[in-house]
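Enquirer:
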Amino acid sequence: MRIALIGATGNAGSRILKEASDRGHAVTAISRSPEKTAALPGVTPAKGDVYDQAGLAALLAGHDVVISAVHFLASDAATLIAAVKASGVARYLVVGGAGSLEVAPGKRLVDQPDFPPQYHAEASAGAVFLDLLKAETALDWTFLSPSALFIPGERTGSFRLGKDTLLANEKGSSISFEDYAIALLDEVEKPAHSRARFTVGY
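Counting in UniProt numbering, the sequence shown runs without a single skipped number right up to 202 at its last residue.
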């Protein structure tokens with residue numbers, strides 16, 4: 001498939017880029033610093049500004065799917081959504097956050113008293129992004145939330161999927177960037193969560 005990946009040099013983005021390349025997809029790797037893009041088969045680096053709606057739309061045009069893997073506070077959800085719509089690409093997958101996941105019915109992780117204050121603004125912005133997508137009728141969107149700890153690790157291929165509830169086991173709530181990338185590319189290749197949020201964790 002022809003994939004446009006926004007944020008291709010970040011923690012999540014670089015793992016998604018490698019997973020997509022390993023699976024044989026053609027990826028336009030969009031970032032502020034394309035020279036930092038990993039040299040991988042099928043990957044074409046491109047310089048892009050997430051706040052430049054028209055410029056971003058031009059970069060995205062002609063692809064089968066758009067993936068955005070950018071921090072919520074380092075971008076603007078409305079601008080990203082508008083750029084994807086203007087590009088004519090129908091499918092849009094977003095690397096989401098864990099903050100909007102529920103820990104109990106009606107109780108979000110971000111609203112819990114022990115939620116780390118340094119992550120509150122980013123998590124809240126992610127929840128706003130999800131709400132904007134839920135109101136979107138023109139795009140076939142998917143929002144994949146990681147577990148609470150989203151960290152470098154191994155590509156094990158062994159994980160669980162959920163919907164709106166935070167996944168956890170006896171070791172807590174976590175997912176590696178590498179295994180997250182597997183779940184996201186699985187969704188790209190075999191869509192199962194159209195216009196929905198889902199989550200991945202151990």
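We put the beta carbon where it would ideally sit given N, CA and C, even for glycine.
1. To the nearest whole angstrom, what separates the beta carbons of SER194 and ASP111, a pair I think is in contact under 8 Å?
2. According to DSSP, what are the bridge partners of residue 231?
3. What is the residue span of the alpha helix (DSSP H) that LYS134 lies within?
4. Could you tell me the alpha carbon to alpha carbon distance between TYR202 and SER158, rounded to whole angstroms?
5. ILE3 and VAL188 - do their beta-carbons sit closer together than 8 Å?
6. Can you confirm whether the segment 49 to 62 touches the segment 97 to 111 when touching is taken to mean that 3 or more C-beta pairs between the two stretches lie within less than 8 Å?
7. Confirm, please, whether the CB-CB distance from SER87 to ALA57 is below 8 Å.
8. Between which two residues does the alpha helix (DSSP H) holding VAL84 run?
9. Return the bridge partner residues of VAL50 from the DSSP annotation.
10. Whole alpha helix (DSSP H) runs in the segment 8 to 61 with 4 or more residues, listed along the chain?
11. Would you kindly work out how many angstroms separate the C-alpha atoms of LEU17 and ALA77, rounded to a whole number?
12. On the criterion of 16 or more Cβ atoms from any shown chain inside 10 Å, does GLU154 qualify as buried, or is it exposed?
13. Excluding sequence positions up to five away, which residues of its chain have a Cβ less than 8 Å from the Cβ of GLU35?
Expert: Looking at the atomic coordinates:
1. In the sequence shown, counting from the first residue as 1, residue 194 sits at position 194. In the sequence shown, counting from the first residue as 1, residue 111 sits at position 111. Actually they are not in contact, since the Cβ atoms of SER194 and ASP111 sit about 28 Å apart, beyond 8 Å.
2. Summary: the structure shown does not reach residue 231, with the chain confined to residues 1 through 202, and so no result is reported for it.
3. Mapped onto the sequence shown, residue 134 falls at position 134. Where LYS134 is concerned, the enclosing alpha helix (DSSP H) stretches over 120 to 134.
4. Walking along the sequence shown from the start, residue 202 turns up at place 202. Walking along the sequence shown from the start, residue 158 turns up at place 158. Their Cα atoms are separated by approximately 7 Å.
5. Numbered from its first residue, the sequence shown carries residue 188 at position 188. Numbered from its first residue, the sequence shown carries residue 3 at position 3. Yes; because the gap between Cβ atoms is below 8 Å, this pair is in contact.
6. no
7. Sequence index remark: in the sequence shown, residue 57 carries index 57 (1-based). Sequence index remark: in the sequence shown, residue 87 carries index 87 (1-based). For ALA57 and SER87, yes; Cβs fall inside 8 Å.
8. Taking the first residue of the sequence shown as position 1, residue 84 is located at position 84. Unbroken alpha helix (DSSP H) run through VAL84: 77 to 87.
9. In the sequence shown, counting from the first residue as 1, residue 50 sits at position 50. Its beta-bridge partners do not exist; DSSP assigns none.
10. 11 to 22 and 53 to 60
11. The residue labelled residue 17 in the question sits at position 17 within the sequence shown. The residue labelled residue 77 in the question sits at position 77 within the sequence shown. Near 21 Å, if we compare the C-alpha coordinates of ALA77 and LEU17.
12. In the sequence shown, the residue the question calls residue 154 occupies position 154. Under this definition GLU154 is an exposed residue.
13. Sequence index remark: in the sequence shown, residue 35 carries index 35 (1-based). Contacts found: PRO45.
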